[in-house]
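Protein chains in written order, with my numbering: chain A, 1 to 464; chain B, 1001 to 1469. Backbone N, C-alpha and C fix where the C-beta goes; we use that ideal spot for every residue, glycine too. One structure is given here, and the rest of the page talks about it.
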């Protein structure tokens, strides 16, 4: 990091708690607009609940459509928090400080968005508890069920994995928030807000012992949450890969391919969020071009590994030279609309952004990074769509089973709902808690040094 | 041994020297230029002798002919072991340079010196070209064989070219990284200055030369990584998967690359321990390095489990006849004991031992675990290549399954000669090269003196590190 601006503690506190103390002018109009989109989505969902899944585009043989695509997409985005926060915390990367909280919060809301897609996808969500075998104590209430849920089914793994991930993410976000809640507690005027902040701060006063625990807990949680992070998307990938009935799904590389794709998509999501926050909250003292540069270089590496996994997935799909698999791949690359989507996916998911990130001037420009990372996520949404839908909609030997898929307005509305929900969630969170952790920034300021080598000042850091 | 303070033995000692007490280069040059001791020479003669035994083993194996593929099981295993252990070690230097980890500096050259093992790998690879049948035998291939359009020897041609490129890149990388050191030795050594003058190739340390060095090392580092992936991709597919009918595992090339990095870190850990214990580099290598390698080994061993389970889940759940056959062949059939030992040495031992701070953060813990990983790595190579090369590829028409599964091949005298040769030859080359290339980079450590300093911080003293682009 070559650029640095030394700030005083009071300046940091003032800057970073300002959005919590008073609303920005744009806040309610933006949240209101997002709320309207969410309202439209919810109306669509009520209509779907009332009319049944027939109002969606899913029909035989394509039973998985936009909802499942969106579920996988948001699970992917949720990997941003752990990738950026936990891994960079464990590796003691200094540039992580201003972006960890935003990444963790993005994880939290995208996980909720992902789970909501499962609710949209099942026809009768009030019976979703049927998936779990009830303990004997409850059987008395439910003699009539007479079902034996298959706990070995991949569909049981998902709620377990995603639920665990959600719980640990909440714990992670909350643990890292405590000193900042205490800071806000001391800044707000007496009233209900102060009481709530006081309860949430758990009596944090900044004693040496409390700081010691505060320093250790996130690192321990990072180490504990990493296996969960890996297992979640592996399990989501196995929803597809353990099946042999659909061409294009039964591939051993799916778990690493999904994980690295999730990191690609999630870290890009964090960059989009960083650039957005930079403009909305005028955080240019904290989020510097250096941060975009560092994360841009990380993205080049991640994207390249992801592309290698995509390459292997394709090569080994064609390697056995089986006709159905060749027909599927042929359909993906040569039959519209799949071929158009495939080209858009490759261009937006890899070639345009990675080509752009090779230039330092692009990596250091928040606007360019904002647009290129949005492109990545367009590509990554399409990637999931192209994995799920063409395999199901391909024409097989039995013509009665032919069918294709077009998302209905209800599905489009609910997909839009999830995007609005996540953006709105992050903004509301930023209205209640500091989205850049003041305590972390202050610590960074103390650890920062400058070493003079010849005529150059080199930014240095105290090694813990 | 001086008491270790805050686990910063290397950096503290080097910085002490930067304060003017002892110039770091002088001490390193003295260690490099001194006459090698009896232990070094003994080890050199042993590895030279075993390398000759290995070459004799290769000749005997060739004289027995190429028709019986099962006789080549251990040979191919040994060759693959070189590529998935010795040639993985240089990745440490590339990766930590990208991550700008300063703790790498005393050991990055050692990791680069492993590049020389590529020559041994190439020697062992040549006979395998005659063992692997042409594509006319009807097996599946990456090259989507179409007689008349695609050469029947595509795997042989392209793998050889990739392998030559890989070894040349490795050697160039070693030379480029060591060039500034050759220049220092040219100016400071007596007796060998002509050799060093040739190797330094006019290095005077101009700004332009330093800029070019950094760019070339970065580009070649990326090339090295890509070529490692490419070579192992060919070894995983045409030299292994294609020989087991029905085995389609898109993850295996990645797994093999991961195994190479794991093996590389393991052998580097042992090398670093030897340098610390017997090499006279106790002032430069410390707990920081072995601890760091221990952490890496721990993380990589966890990844081993993840790669393994990712493949297993899909094949086991799929339960197609060919998938059941593959699992039966590689894991649950006659190779079950090999699989259990592999799993134990390469995953269980590192995981459960390196979890403990007392083992991970010690001088002796990581190298001992590294030995376990290397044993496991060899067994893993044998589990795959041994079974593939001894498999009768006849498929039963009625059951669509393998007509028979092979027994574990018991090594004979020639196999043992080849195995000892494959392990010793790279070590022999490394020992020879260490006489000319400083095993601790002079310029990288000198550079660190500019970036590291001790400063007072409230009531204590801390290490401050600069991390420039």
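Spatial neighbours of residue i in its chain, beta-carbon cut-off 7 Å, leaving aside the 5 residues before and after
| i | result |
| --- | --- |
| residue 1384 of chain B | 1240, 1330 |
| residue 87 of chain A | none |
| residue 1022 of chain B | Note that residue 1022 of chain B scores 45 on pLDDT, short of 50, meaning its location in the model is unreliable; the coordinates nonetheless yield the value given after this. Nothing meets the Cβ criterion. |
| residue 296 of chain A | 357, 363, 369 |
| residue 1080 of chain B | 1235, 1381, 1385 |
| residue 1281 of chain B | 1031, 1275, 1440 |
| residue 1169 of chain B | 1220, 1223, 1224, 1227 |
Beta-carbon spacing of residue i, residue j below 8 Å
| i | j | result |
| --- | --- | --- |
| residue 1465 of chain B | residue 93 of chain A | no |
| residue 1346 of chain B | residue 1386 of chain B | no |
| residue 1180 of chain B | residue 1443 of chain B | yes |
| residue 65 of chain A | residue 411 of chain A | yes |
| residue 1439 of chain B | residue 1113 of chain B | yes |
| residue 466 of chain A | residue 120 of chain A | Not covered by the structure: residue 466 of chain A. The range shown for chain A is 1 to 464. |
| residue 427 of chain A | residue 31 of chain A | yes |
| residue 1139 of chain B | residue 1243 of chain B | yes |
| residue 217 of chain A | residue 264 of chain A | no |
| residue 313 of chain A | residue 253 of chain A | yes |
| residue 233 of chain A | residue 79 of chain A | yes |
| residue 1107 of chain B | residue 1285 of chain B | yes |
| residue 400 of chain A | residue 109 of chain A | no |
| residue 58 of chain A | residue 47 of chain A | no |
| residue 1311 of chain B | residue 1252 of chain B | yes |
| residue 71 of chain A | residue 114 of chain A | yes |
| residue 42 of chain A | residue 417 of chain A | yes |
Classification of residue i by the beta-carbon crowding that lies within 10 angstroms, buried from 16 upward
| i | result |
| --- | --- |
| residue 1455 of chain B | exposed |
| residue 1397 of chain B | exposed |
| residue 360 of chain A | exposed |
| residue 1289 of chain B | buried |
| residue 1150 of chain B | exposed |
| residue 1087 of chain B | buried |
| residue 1063 of chain B | exposed |
| residue 301 of chain A | exposed |
| residue 1051 of chain B | buried |
| residue 1262 of chain B | buried |
| residue 178 of chain A | buried |
| residue 1011 of chain B | Note that residue 1011 of chain B has pLDDT 47, beneath the 50 cutoff, so the model's placement of it is unreliable and the number below is only indicative. So residue 1011 of chain B ends up on the buried side. |
| residue 293 of chain A | buried |
| residue 1104 of chain B | buried |
Whole-number beta carbon distance between residue j and residue i, since they are thought to touch under 8 Å
| i | j | result |
| --- | --- | --- |
| residue 270 of chain A | residue 103 of chain A | 5 Å |
| residue 1047 of chain B | residue 1307 of chain B | Not quite, the Cβ-Cβ distance comes to about 32 Å (not below 8 Å), so this is no contact. |
| residue 162 of chain A | residue 75 of chain A | 7 Å |
| residue 1417 of chain B | residue 1054 of chain B | 6 Å |
| residue 1389 of chain B | residue 1154 of chain B | Residue 1389 of chain B to residue 1154 of chain B, Cβ: 20 Å. No contact. |
| residue 272 of chain A | residue 373 of chain A | 5 Å |
Other residues of its chain near residue i: CB distance less than 6 Å, five sequence neighbours each side excluded
| i | result |
| --- | --- |
| residue 1401 of chain B | 1321, 1325 |
| residue 1178 of chain B | 1437 |
| residue 164 of chain A | 228 |
| residue 379 of chain A | 345, 348, 349 |
| residue 1374 of chain B | 1266 |
| residue 339 of chain A | 333 |
| residue 12 of chain A | 438, 441, 442 |
Identified DSSP bridge partners for residue i
| i | result |
| --- | --- |
| residue 1454 of chain B | B/1463 |
| residue 62 of chain A | A/59 |
| residue 463 of chain A | B/1463 |
| residue 453 of chain A | A/456 |
| residue 1395 of chain B | B/1402 |
| residue 448 of chain A | A/461 |
Sequence-distant residues of its chain with Cβ nearer than 8 Å to residue i (five each side left out)
| i | result |
| --- | --- |
| residue 1162 of chain B | 1227, 1230, 1231, 1234 |
| residue 305 of chain A | 260 |
| residue 424 of chain A | 31, 34, 35, 38 |
| residue 1467 of chain B | 1100, 1102, 1451 |
| residue 1129 of chain B | 1156, 1160 |
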